[in-house]
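K.L.:
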Amino acid sequence: MARDDSTSADSPCHTLWYVPVRRTGTAAVLRFFRRGDGRRCAVGFGSAEVLTALLGPAQASVTLTEPALRGLAEPLGVRLLVFDPALVAPQAAPAVPAAPPGSRGAVPRSRPAPPVRPVAVLRRPC
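Going by the working numbering, the sequence shown wraps up at 980, each residue one higher than the last.
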């Protein structure tokens, strides 16, 4: 019988990804992120250590395969998956209001966060 390599245990479809979630009571809710262009994306990490290094030790996670992550994200309108991102930028700080008219000094404005630059983006489903 011929073996279909697309379903082998070494297939990327069977790779477990560490996916950031937030805990709400007994439920775990997927965390979505935004790319530099504003599009929402789901993120998966190849190891718990990389996830912790980028998002911090308090970040909860679950392990999912790529098809499972896609199946949870797509019904919510999130079709872009980013695996092992090289940079996860902090949330942009709110803009500092300008100095009131007639005041002596201008208040400096905060800089926007740099865009997220993923190492790999999986564009087609397994």
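Idealized CB from N, CA, C, for every residue including glycine.
Fair warning: this is a prediction, and the values are worked out from it, not measured in the lab.
1. Does the region 911 to 925 come close enough to the region 869 to 888 to have 3 or more Cβ pairs within less than 8 Å?
2. Helix, strand or coil for D859? Go by DSSP, reduced to three states.
3. For S901, which residues in the same chain have their Cβ closer than 7 Å to its Cβ, ignoring the five residues on either side in sequence?
4. What separation, rounded to the nearest whole angstrom, lies between the Cα atoms of E928 and E920?
5. Rounded to a whole number of angstroms, what is the C-alpha to C-alpha distance between G931 and D938?
6. Just to confirm before moving on: does the CB-CB distance between L935 and G910 stay below 8 Å?
7. Return the bridge partner residues of P874 from the DSSP annotation.
P.N.:
Taking the coordinates as given:
1. yes
2. Stepping through the sequence shown from its first residue, residue 859 is reached at position 5. Caution is warranted here: a pLDDT of 41 is assigned to D859, below 50, making its placement in the model unreliable, and the coordinate value is therefore given only provisionally. Here D859 carries a helix assignment [DSSP, helix/strand/coil].
3. Position 47 of the sequence shown holds residue 901. Excluding residues within five positions, the ones whose Cβ falls inside 7 Å are Y872.
4. The residue given as residue 928 occupies position 74 in the sequence shown. The residue given as residue 920 occupies position 66 in the sequence shown. Rounded to whole angstroms, the separation of the alpha carbons of E920 and E928 is 12 Å.
5. Residue mapping note: residue 931 aligns to position 77 of the sequence shown, counting from 1. Residue mapping note: residue 938 aligns to position 84 of the sequence shown, counting from 1. Those two C-alpha atoms are separated by around 21 Å.
6. Here residue 935 corresponds to residue number 81 of the sequence shown, with the count starting at 1. Here residue 910 corresponds to residue number 56 of the sequence shown, with the count starting at 1. Not a contact, by the Cβ cut-off of 8 Å.
7. What you label residue 874 is simply residue 20 of the sequence shown in a count that begins at 1. According to DSSP, P874 bridges with S915.
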